[in-house]
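Residue 23 in numbering that gives the first Met the number 0 sits at position 24 of the sequence shown, and the numbers go up by one each step.
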Amino acid sequence: MSLNKVLAPKAALVCQDIELDQAAQACLATDPVPVDFLRSLIQQQLYPDAVRFLARALPKREAVWWACLSARGCLAEHAGQQLLQAVEAAEAWVYKPNEANRRQAYHAAELAKFENPAAWAGMAAFWSEGSMAPENVPAVPPADNLTAKAVAGAVMLAAVQSRPEQANDKYLFFLEQGIDIANGGNGRLWPAGNGGQ
Numbered sequence: 000m001s002l003n004k005v006l007a008p009k010a011a012l013v014c015q016d017i018e019l020d021q022a023a024q025a026c027l028a029t030d031p032v033p034v035d036f037l038r039s040l041i042q043q044q045l046y047p048d049a050v051r052f053l054a055r056a057l058p059k060r061e062a063v064w065w066a067c068l069s070a071r072g073c074l075a076e077h078a079g080q081q082l083l084q085a086v087e088a089a090e091a092w093v094y095k096p097n098e099a100n101r102r103q104a105y106h107a108a109e110l111a112k113f114e115n116p117a118a119w120a121g122m123a124a125f126w127s128e129g130s131m132a133p134e135n136v137p138a139v140p141p142a143d144n145l146t147a148k149a150v151a152g153a154v155m156l157a158a159v160q161s162r163p164e165q166a167n168d169k170y171l172f173f174l175e176q177g178i179d180i181a182n183g184g185n186g187r188l189w190p191a192g193n194g195g196q
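Right, dumping it as structure tokens:
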């Protein structure tokens, strides 16, 4: 495992503004590099902490893409139009990260009611830069860690929203996607047994 796109030299630098369980915090005791910290979290099955960490460690555009993949991966075959539009709006921002697409991601997330991975993918894009305030009023920049929080929310919801008994398998698959993205891949992996369908 490697994380080529993670620029922080030490895991502790990534963890400064994310909440970790006590067992995950204990993994920081040896001052590990990010890849070793993530490996420890996965080996100990601390999957939510691993998701929070990777969501914060990735560059924002790559992190939002990860949220889009996990959100799209759990969309039902006949998902409502609002959920599909929220994922598509977030993807549009990833492909072309401009202000119009960022604002559209927020509107699509709002229509999706903030209760699902698709909406949180949209919020991750919206909080990536710019202002959280309406247009034509003084800017209110988002906190730097808000995108990571939304990405982690999207991935974790995707893991538990349907068939929660399979959550650990889904966490592992989503983390594989995130690690692929962290190495310059597109994250489009196929779950075991899916056969590319």
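The beta-carbon is built from N, C-alpha and C at its ideal position, and this holds for glycine as well.
Note that this is a predicted model, so its numbers are computed, not measured.
Minimum C-alpha distance to residue i - residue among the options
| i | options | result |
| --- | --- | --- |
| Ala111 | Glu61, Gln44, Ala70 | Ala70 |
| Val34 | Leu171, Leu83, Val63, Lys4 | Lys4 |
| Trp64 | Ala158, Gln165, Phe113, Ala153 | Ala153 |
| Asp168 | Cys67, Trp189, Gly183 | Trp189 |
| Ala49 | Gly72, Ile17, Ala28 | Ile17 |
Inter-residue spacing [alpha-carbon to alpha-carbon] between residue i and residue j
| i | j | result |
| --- | --- | --- |
| Arg102 | Asp179 | 28 angstroms |
| Val139 | Gln15 | 22 angstroms |
| Asn185 | Tyr170 | 18 angstroms |
| Asn97 | Gln80 | 23 angstroms |
| Ala181 | Ala54 | 10 angstroms |
| Met0 | Pro137 | 44 angstroms |
| Pro163 | Ala28 | 32 angstroms |
| Glu175 | Gly183 | 13 angstroms |
| Gln160 | Lys148 | 17 angstroms |
Contact belief for residue i with residue j at Cβ below 8 angstroms, rounded distance in angstroms
| i | j | result |
| --- | --- | --- |
| Ala151 | Arg51 | 5 angstroms |
| Ala22 | Gln43 | 6 angstroms |
| Leu37 | Leu2 | 7 angstroms |
| Ala107 | Gly121 | 5 angstroms |
Residue-chain proximity (residue i, chain D), Cβ-Cβ < 8 angstroms
| i | result |
| --- | --- |
| Gly79 | Considering every chain present, this structure includes no chain D. It has just one protein chain. |
Under the three-state DSSP convention, the category residue i falls into
| i | result |
| --- | --- |
| Glu18 | coil |
| Gly194 | Low local confidence applies: a pLDDT of 36 at Gly194 is under 50, so the model's placement there is unreliable, and no value is given. |
| Trp189 | coil |
| Gly177 | helix |
| Met8 | This sequence places Pro at residue 8; Met is not what is there. Reduced to three states, the DSSP call for Pro8 is coil. |
| Leu199 | Here the chain has residues from 0 to 196 only, and residue 199 is not among them. |
| Leu27 | coil |
| Val32 | coil |
| Gly184 | coil |
| Leu2 | coil |
Residue i beta carbon near the ligand HEM (any heavy atom closer than 7 angstroms)
| i | result |
| --- | --- |
| Glu98 | Ligands are entirely absent from the displayed structure, and the ligand HEM is therefore not among its contents. |
Entirely within the region 34–107 and at least 3 residues each: give me those beta strand (DSSP E) ranges in chain order. As far as the region 34–107 is concerned, it has no whole beta strand (DSSP E) run of at least 3 residues.
Note down, one range per segment and in chain order, each alpha helix (DSSP H) of at least 4 residues found wholly within the region 112–159. If only uninterrupted alpha helix (DSSP H) runs of at least 4 residues are considered, those enclosed by the region 112–159 are 116–125, 145–159.
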